[in-house]
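Below is one structure, written out as structure tokens; comments come after it.
Residue numbers (this note's numbering), protein chains in the order written: chain L, 1 to 159; chain H, 1001 to 1149.
The structure is reproduced here in structure tokens:
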């Protein structure tokens, strides 16, 4: 079992999903099934600077999230990670498998490879690694936005 | 706040299925009591959902997770189903908040428990506690794993 005790978020590395220029920017732990994340993602994408996406699927709350995160990772294997993320957040009502295949086709992905990749153990492990790093950093809801290693934004709620 | 080393006050409450559950039922096992304000609140939903995600890792450390709030067991059942969780939820419903009061978790002016974590060890002794600064914040699961390390 992985150590899930407190630790800062890992520094951004070459295998992170990063968009935008430069080394300054934010890291967001997000759930692809989360409506609040969809709104935040749209706003964050309009900012300048680097935007790093880390997986934080809360499966009990959003049962389709594991499939959506796996689809994004599989699209990423063919260079279309952010296209998939943008599309999933932009059209949250169409997240069943045929909708994923339609997106894969639209992005010009090799569908057979996409199907194989999204079920691959390495992809599950990659998603889990992000999730566990979020747990260790104290992520307690999505989206959670970090600037450097400091949590700077969470969704505000009374209780 | 109840202190480490205290004997954890025993209680008997109904779970989400209406079954009577006592703290003493857990004797010989560790149990983490998660007091929370109320079913269906956004933060409580996030808290129990996040904890559900790491429940296997918590259980792997020999600890059972139990939520407690002032809601009825009917509400607990609906909340459990809504969240898709299987964490036991106990109903501190009547007398309202009696168990939360016994653990110094009850917030009188709000009428519900603060977010309080109490780890009770195998012999019924309080081994660790955590209380959130306010009901709007909940301790990330990392805090639990820090306590269990």
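For every residue, glycine included, the Cβ atom is placed at its ideal position computed from N, Cα and C.
Among the options, which has the Cα closest to the Cα of residue i?
i	options	result
residue 1042 of chain H	L:44, L:140, L:130, L:92	L:140
residue 68 of chain L	L:135, L:103, L:48	L:103
residue 1116 of chain H	H:1094, H:1066, H:1028	H:1066
residue 1038 of chain H	H:1145, H:1104, H:1143, H:1092	H:1092
residue 146 of chain L	L:72, L:12, L:6	L:12
residue 79 of chain L	L:56, L:55, L:17	L:17
residue 1018 of chain H	H:1073, H:1052, H:1051, H:1054	H:1073
residue 97 of chain L	L:40, L:61, L:114	L:114
residue 90 of chain L	L:119, L:40, L:56	L:40
residue 1085 of chain H	H:1143, H:1032, H:1045	H:1045
residue 960 of chain H	H:1146, H:1109, H:1064	Because chain H here runs from 1001 to 1149, residue 960 of chain H falls outside it and cannot be looked at.
residue 1129 of chain H	H:1022, H:1034, H:1016	H:1034
residue 49 of chain L	L:111, L:2, L:108, L:23	L:23
residue 35 of chain L	L:118, L:116, L:14, L:88	L:88
residue 1053 of chain H	L:143, L:134, L:153	L:134
residue 1121 of chain H	H:1016, H:1069, H:1147, H:1112	H:1147
residue 106 of chain L	L:84, L:144, L:153	L:84
residue 142 of chain L	L:65, L:21, L:2, L:25	L:65
residue 1133 of chain H	H:1031, H:1015, H:1036	H:1036
Express the C-alpha separation of residue j and residue i in angstroms, rounding to a whole number.
i	j	result
residue 1029 of chain H	residue 1059 of chain H	11 Å
residue 58 of chain L	residue 1049 of chain H	7 Å
residue 1001 of chain H	residue 1140 of chain H	20 Å
residue 1071 of chain H	residue 1136 of chain H	18 Å
residue 1005 of chain H	residue 151 of chain L	34 Å
residue 1062 of chain H	residue 1125 of chain H	15 Å
residue 71 of chain L	residue 155 of chain L	25 Å
residue 160 of chain L	residue 1011 of chain H	Lying outside 1 to 159, the shown extent of chain L, residue 160 of chain L is not represented and no answer is given.
residue 122 of chain L	residue 63 of chain L	20 Å
residue 73 of chain L	residue 1024 of chain H	46 Å
residue 1080 of chain H	residue 1040 of chain H	9 Å
residue 1078 of chain H	residue 1138 of chain H	22 Å
residue 130 of chain L	residue 1095 of chain H	43 Å
residue 51 of chain L	residue 86 of chain L	13 Å
residue 1020 of chain H	residue 1149 of chain H	31 Å
Under 8 Å by Cβ, that's how I've got residue i and residue j pegged, so tell me the actual separation to the nearest angstrom.
i	j	result
residue 1098 of chain H	residue 4 of chain L	That pair is no contact at about 33 Å.
residue 148 of chain L	residue 7 of chain L	That pair is no contact at about 15 Å.
residue 1013 of chain H	residue 1083 of chain H	The Cβ separation is near 19 Å, so there is no contact.
residue 1118 of chain H	residue 1003 of chain H	With 8 Å as the limit, residue 1118 of chain H and residue 1003 of chain H do not qualify as a contact, their Cβ atoms being about 10 Å apart.
residue 30 of chain L	residue 53 of chain L	6 Å
Along chain H, which residues have their Cβ under 7 Å away from the Cβ of residue i?
i	result
residue 138 of chain L	1140, 1142
residue 68 of chain L	Per Cβ cutoff of 7 Å: no residues; residue 68 of chain L is ~16 Å from chain H at best.
residue 4 of chain L	1054, 1057, 1141, 1142, 1145
Would you mind telling me which residues of chain L sit closer than 9 Å to residue i, beta carbon to beta carbon, in chain order?
i	result
residue 1052 of chain H	58, 59, 60, 61
residue 1046 of chain H	58, 61, 140, 141, 142, 155, 157
Kindly list, in the order they appear in chain H, the residues whose Cβ is closer than 9 Å to that of residue i.
i	result
residue 39 of chain L	In chain order: nothing, as chain H lies at least about 15 Å away.
Residues of chain L with a CB under 7 Å from the CB of residue i: which are they?
i	result
residue 1067 of chain H	Correct list: empty, because the minimum Cβ distance to chain L is about 13 Å.
Just the chain L side, please: which residues come within less than 8 Å of residue i by C-beta, in chain order?
i	result
residue 1060 of chain H	1
- beta strand (DSSP E) runs wholly inside the stretch 116-149 of chain L, at least 3 long, in chain order: Runs found: 144-147.
- Please specify which runs of the beta strand (DSSP E), each continuous and at least 3 residues long, are wholly inside the stretch 15-77 of chain L, giving them in chain order. Complete beta strand (DSSP E) runs here, min 3: 17-19, 25-30, 50-55.
- Sequence ranges, beta strand (DSSP E) only - wholly within the stretch 79-120 of chain L, length at least 3: Listed in chain order, there is nothing to give.
- Output the residue ranges of the beta strand (DSSP E) runs that lie fully inside the stretch 1062-1092 of chain H and measure 3 residues or longer, sorted by chain position. Fully enclosed beta strand (DSSP E) runs of 3 or longer: 1063-1069, 1088-1091.
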